[in-house]
Amino acid sequence: GQQLNQSPQSMFIQEGEDVSMNCTSSSIFNTWLWYKQDPGEGPVLLIALYKAGELTSNGRLTAQFGITRKDSFLNISASIPSDVGIYFCAGSRAGTASKLTFGTGTRLQVTL
Amino acid sequence: EAQVTQNPRYLITVTGKKLTVTCSQNMNHEYMSWYRQDPGLGLRQIYYSMNVEVTDKGDVPEGYKVSRKEKRNFPLILESPSPNQTSLYFCASTGTGTYEQYFGPGTRLTVT
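From first to last, the protein sequence lines stand for chains C and E. Under the working numbering, the first residue of the first sequence is numbered 1, with each subsequent residue one higher. Under the working numbering, the first residue of the second sequence is numbered 113, with each subsequent residue one higher.
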C-alpha cells in the first residue's frame, strides 16, 4: 500500500524555536490529518483539514492543506519540551472514512 | 469518557498459538480499523469495518482475521501467529460524516 513521505524524518530543536514539517503524496487526498504520538501511547489527532488551501490552527500548531491536494504542512511555534514525540500525517480519499494512509513520521526532539 | 480500549496491552506468545486482541469503543462509531506499527514503516492498516458484519482488507491483511458482531467491538484474531507478526497494534474508530480516527492505547505483541 501507498505511504506518504514525511520530512524531515527527525529533528532536534531548541526550546522556543519554531518547527516545520511536511508531507507529500503522489496522489490526491480529500482530507489531511495530523497526529502526534507520545512514547507508549496511541496517536492523538491534532488537526484535520478538509479543503484545498485551508489553513487551520490549534494553539501553537498550524497546518495547511496544500493547494494541489498532494501535500500538507504542519508548523509548531515556540516549541516546548512536551512537544517531543512523533508526528504523523495521514490522508483520506472521498468515501473512505475508515481508510487512512499514513506518513512515515517525523520524530521531534527538543533540547532545553 | 469517550475512548477506544484494547486488551491486552502487552502479550508474549509462541508461534502457532491462536490469540485474540480485543478492541472496544464507547462512541457509537460506525467505522473501526486495525493497524500495525513497525519501525520505519509507520502505521499500516490491517483490516477495517464500516459497520456491523461489514469488514474489508486493508494494506497488510495476511495472517489476520477480524469480526464485527456488535457495533462497539472489533477483535483482531491471529489464528497461527508467526514471529513476523511481532509488532505494535492499534485499534481506531471513526464516526459517520467525519474522517477523524481516534486510536486506542496500543497492544505490543511479541511472537517467539
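All C-beta atoms in this analysis are idealised placements derived from N, C-alpha and C, irrespective of residue type, glycine included.
Restricting attention to G218(E), L221(E), A204(E), the CA atom closest to the CA of M144(E) is found in A204(E). By the rule that beta-carbons nearer than 8 Å mark a contact, G216(E) touches chain C.
Look at the region 11 to 25 of chain C: it has no residue with a C-beta under 9 Å from a C-beta of chain E.
With a beta-carbon spacing of about 4 Å, F215(E) and G42(C) fall inside the 8 Å limit used to define contacts.
Proximity of the region 179 to 196 of chain E to the region 113 to 131 of chain E meets the contact definition, three or more beta-carbon pairs being nearer than 8 Å. Nearest CB-CB separation between Q109(C) and chain E: not below the 8 Å threshold. Straight-line measurement puts the Cα of Y50(C) at about 7 Å from the Cα of W32(C). With respect to chain C, the C-beta atom of E212(E) has a partner C-beta closer than 8 Å. Listed along the chain, the chain E residues whose CB falls inside 7 Å of the CB of P43(C) are F215.
With respect to S77(C), R60(C) sits close: the two C-beta atoms are nearer than 8 Å. The beta carbon of L4(C) sits closer than 8 Å to the beta carbons of C23, T24, S25, C89, A90, G91, T101, F102, G103, T104 from its chain, once the five residues preceding and following it are set aside; these are given in chain order. D18(C) sits in coil when the DSSP states are folded into three classes, being neither helix nor strand. For S72(C) and Q64(C), the gap between their C-alpha atoms comes out near 6 Å.
The beta-carbon of Y160(E) is placed less than 8 Å from the nearest beta-carbon of chain C. Among the residues facing chain E, T104(C) is included, as its CB has a counterpart in that chain under 8 Å away.
It is roughly 31 Å from the alpha-carbon of T56(C) to the alpha-carbon of N163(E). A distance below 6 Å between beta-carbons, with the five flanking residues on each side excluded, links T134(E) to the following residues of its chain, in chain order: N119, P187.
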